[in-house]
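In the UniProt record's numbering, the protein residues as written are 1 to 267.
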Amino acid sequence: MNELSFARLEEIQQNEFIKAAIDRVGAGVVISDPGQEDNPMIYCNRGFEELTGYEAEEILGRNCRFLQGPDTNESQVQRIREGLDSKEPILLEIKNYRKDGTPFWNELQIFPVYISQMDQTYFVGVQKDVTQRREQEELIGHYLSEVKRLSTPIVPVEDNISVLPLVGTVDDERLQQMLEAVSHHVKETKEDYLIMDMSAVHSYNEAVHMGIYQMNQLLDLMGTTLVITGIKPTFAIQSAPYADFSELSLQTYASVKQALKQIPRRK
Ligand SMILES: Cc1cc2nc3c(=O)[nH]c(=O)nc-3n(C[C@H](O)[C@H](O)[C@H](O)COP(=O)(O)O)c2cc1C
Numbered sequence: 001m002n003e004l005s006f007a008r009l010e011e012i013q014q015n016e017f018i019k020a021a022i023d024r025v026g027a028g029v030v031i032s033d034p035g036q037e038d039n040p041m042i043y044c045n046r047g048f049e050e051l052t053g054y055e056a057e058e059i060l061g062r063n064c065r066f067l068q069g070p071d072t073n074e075s076q077v078q079r080i081r082e083g084l085d086s087k088e089p090i091l092l093e094i095k096n097y098r099k100d101g102t103p104f105w106n107e108l109q110i111f112p113v114y115i116s117q118m119d120q121t122y123f124v125g126v127q128k129d130v131t132q133r134r135e136q137e138e139l140i141g142h143y144l145s146e147v148k149r150l151s152t153p154i155v156p157v158e159d160n161i162s163v164l165p166l167v168g169t170v171d172d173e174r175l176q177q178m179l180e181a182v183s184h185h186v187k188e189t190k191e192d193y194l195i196m197d198m199s200a201v202h203s204y205n206e207a208v209h210m211g212i213y214q215m216n217q218l219l220d221l222m223g224t225t226l227v228i229t230g231i232k233p234t235f236a237i238q239s240a241p242y243a244d245f246s247e248l249s250l251q252t253y254a255s256v257k258q259a260l261k262q263i264p265r266r267k
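Below you can see the structure in the form of structure tokens.
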């Protein structure tokens, strides 16, 4: 065997080795040729076949958009289009469909590769199934919003009086959510009094003092009186720099029971 053919054999073996490695990367890998009409795929690895359920013969020569379907977000497709036009790398998650019609979340990465021998740019696409992670995120999001909803229980105790018992930690996010829930509730019910009971609050940040101040102003505008119960002495002392509760003519009582005893009722 002469030197040239030996080098050729080495090159072939190397290519085989690279091909086998790419087949086993555990993700889809495709190459497309934008020099051809409609930017068809000219290579796909085994990972892509396994991910999508299509065979190489059904894939090669086609544009990769055949993976899209009814729930594919058009703005994501637009982002791909723009990235390809400007030859910028793309990374996004897009809803795709397998051959059998089942949807999956595709973490898609596309980047341009310039091959100097051909003086041409090709696109390499890497596809990863991230359905499980997306589903877990959606589930966590659902539970978080449920926890949030349950953490602002506004309980009507009498005609025109409701109690909002606060339990646990009150931070900025929770405060914002409370303001929203309370304003929505008061707008609907037009109650005279809202009692915010703080006896079970075990930790809060500085924003809570301002939050109560804001809540008082908001309710005042809506014609509802805010009553605070169960304030611990440390909380009252810390409030001073932010909002002087006595100046706000805020009604405070030691407990909900006491507040209910004192609040004047409509005749
Ligand atoms: C290398 C490469 C890989 C691609 N892989 C996917 C893919 O896995 N899923 C997908 O929905 N679109 C993929 N696309 C995007 C589509 O092929 C197409 O570019 C996109 O739908 C925007 O173009 P269109 O408006 O002509 O459909 C890929 C594009 C390239 C160039």
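Glycine residues also receive a C-beta, built at the ideal position from the N, C-alpha and C atoms.
Distance cut-off 7 Å: residue i Cβ against heavy atoms of ligand 1
i: Asn15; result: no
i: Cys64; result: yes
i: Arg81; result: yes
i: Ile18; result: no
i: Gly125; result: yes
i: Asn39; result: yes
i: Leu84; result: yes
As assigned by DSSP and simplified to three states, the class of residue i
i: Ser199; result: strand
i: Pro112; result: strand
i: Ile161; result: strand
i: Glu206; result: coil
i: Gly211; result: helix
i: Asp129; result: strand
i: Glu37; result: coil
i: Asn106; result: strand
i: Gly230; result: coil
i: Ile80; result: helix
i: Lys187; result: helix
Residue from the options whose Cα sits closest to the Cα of residue i
i: Leu92; options: Lys99, Ser75, Gly101; result: Ser75
i: Ser183; options: Thr121, Thr225, Gly69, Val147; result: Thr225
i: Ala21; options: Glu11, Arg46, Thr52, Leu219; result: Arg46
i: Val163; options: Val256, Asn15, Ile18, Ile115; result: Val256
i: Ile90; options: Asn96, Arg79, Ala207, Arg98; result: Arg79
i: residue 268; options: Thr234, Gly61, Val147, Pro103; result: Shown here, the chain extends from 1 to 267; a query on residue 268 therefore has no answer.
i: Ile110; options: Phe6, Gln127, Pro40; result: Gln127
i: Leu150; options: Ala181, Gln136, Gly125, Glu158; result: Ala181
Other residues of its chain near residue i: CB distance less than 6 Å, five sequence neighbours each side excluded
i: Ile42; result: Ile31, Asp33
Proximal residues to residue i (C-beta, below 8 Å), its chain only, five neighbours per side dropped
i: Ala200; result: Pro165, Leu166, Val167, Gly168, Gly230
i: Gly26; result: Gly47
i: Asp23; result: Asn45, Arg46, Gly47
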